[in-house]
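Each remark here refers to the structure printed beneath this line.
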């Protein structure tokens, strides 16, 4: 059993409605490191997570993409740090999100894949795709820019721009 | 009491997890026509709709923006039709979504405003902003391209590209 990326976040930053293990009502989105630098999230939508009947709600797809991208960045940044096994993973928040819904995603378990596109200082750009349905046809493409939270904490006046 | 835009959708397209009045477990996002061509959605997040503690989850913001944009387009397209009072509003789905999270949105009731940027055939581009906190400072800017569903129904093989 591979431990999900999100299980490595510090407790105080594990309350996210999307991926926080300490959020009892959340989605509990989990990502794992796959092969060839690809991260993977398998998600099983509930019957009520629908847009038009039979298809996954776009806001849920955006949620899974968002948390998978921050997780992908966290795992990447963590690997680059020395003595990284001593520390929890760093935490990133989303600065911008572009999603192209290429076609409707069938209301069935779907798979999100992520990979690092750019990494400059505290900013990382992640590409994600969603594959849905029996044949995992690509239904969504996304590009997400995330920013690392300083270890000193999260200032309320922070600008993400 | 102004009737929300989403209450004018036909029943068969009112199951959306974001804005469907017939989805018992959904968010029940509601939009109304405001002044000067602006549409408005007031949303009250629950305490568990958090990202980092104290701030609204980005996936929820994306959800509210998404449904508010399709609603804004529906109201706009409906107004342009002749004899429009006889018909339910047309239904749009999202083809692409770009969201810039300028700063964190405080976990408190927030307001989304929408306006039409472009309208060409079945495609409409909507701009949305989110204002959060006591002073409704702008925290998010978004641009959403939506596509009208044909009155003949929603083909499973539809491309949104």
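Residue numbers (the working numbering), protein chains in the order written: chain A, 1 to 161; chain B, 1001 to 1161. The beta-carbon is built from N, C-alpha and C at its ideal position, and this holds for glycine as well. Everything numeric in this text was worked out from a predicted model, so none of it was measured.
Counting C-beta neighbours from all protein chains within 10 Å, is the total for residue i 16 or more, i.e. buried, or is it exposed?
| i | result |
| --- | --- |
| residue 30/A | buried |
| residue 1063/B | buried |
| residue 168/A | The question about residue 168/A has no answer here: the residues shown for chain A are numbered 1 through 161. |
Indicate whether at least one CB of chain A lies closer than 7 Å to the CB of residue i.
| i | result |
| --- | --- |
| residue 1099/B | yes |
| residue 1138/B | no |
| residue 1151/B | no |
| residue 1010/B | no |
| residue 1049/B | yes |
| residue 1007/B | no |
| residue 1080/B | no |
| residue 1052/B | yes |
| residue 1062/B | yes |
| residue 1037/B | no |
| residue 1121/B | no |
Roughly how many whole angstroms lie between the Cα atoms of residue i and residue j?
| i | j | result |
| --- | --- | --- |
| residue 23/A | residue 47/A | 21 Å |
| residue 115/A | residue 1120/B | 35 Å |
| residue 142/A | residue 1077/B | 28 Å |
| residue 57/A | residue 140/A | 12 Å |
| residue 161/A | residue 1087/B | Bear in mind that the predicted position of residue 161/A carries a pLDDT of just 47, short of 50, making it too unreliable to give a figure here. |
| residue 1021/B | residue 128/A | 31 Å |
| residue 107/A | residue 3/A | 26 Å |
| residue 123/A | residue 1152/B | 45 Å |
| residue 12/A | residue 1125/B | 39 Å |
| residue 79/A | residue 28/A | 23 Å |
| residue 10/A | residue 1131/B | 29 Å |
| residue 1097/B | residue 1144/B | 5 Å |
| residue 1007/B | residue 1035/B | 19 Å |
| residue 150/A | residue 75/A | 16 Å |
| residue 1072/B | residue 59/A | 16 Å |
| residue 1081/B | residue 67/A | 40 Å |
| residue 1089/B | residue 1118/B | 19 Å |
| residue 26/A | residue 1138/B | 26 Å |
For a cutoff of 7 Å on Cβ pairs, would you count residue i as touching chain B?
| i | result |
| --- | --- |
| residue 161/A | Because the pLDDT of residue 161/A is 47, which lies under 50, any placement of that residue in the model is unreliable, and the number read from its coordinates should be weighed accordingly. It does: the Cβ of residue 161/A has a partner Cβ on chain B nearer than 7 Å. |
| residue 89/A | no |
| residue 168/A | Chain A is shown only over 1 to 161; residue 168/A falls outside these bounds and no answer can be derived. |
| residue 96/A | yes |
| residue 109/A | no |
| residue 31/A | no |
| residue 59/A | yes |
| residue 131/A | no |
| residue 18/A | yes |
Below 8 Å on the Cβ atoms is my guess for residue i versus residue j; work out the distance and round it to an integer in Å.
| i | j | result |
| --- | --- | --- |
| residue 1032/B | residue 1065/B | Not quite, the Cβ-Cβ distance comes to about 16 Å (not below 8 Å), so this is no contact. |
| residue 1136/B | residue 1105/B | Contact doesn't hold; Cβ gap of about 11 Å is too wide. |
| residue 69/A | residue 147/A | The Cβ separation is near 11 Å, so there is no contact. |
Taking 7 Å as the CB-CB limit, is residue i close to chain D?
| i | result |
| --- | --- |
| residue 1143/B | The structure shown contains no chain D; its protein chains are A and B. |
For the ligand NAD, is there a heavy atom less than 6 Å away from the beta-carbon of residue i?
| i | result |
| --- | --- |
| residue 96/A | Of the ligands one can find in the structure shown there are none, so the ligand NAD has no counterpart to examine. |
Three or more C-beta pairs below 8 Å linking the segment 46-57 of chain A and the segment 1015-1027 of chain B: yes
Sufficient close CB pairs (3 or more, under 8 Å) joining the segment 34-47 of chain A to the segment 101-112 of chain A: yes
Three CB pairs or more closer than 8 Å across the segment 1093-1100 of chain B and the segment 91-105 of chain A: yes
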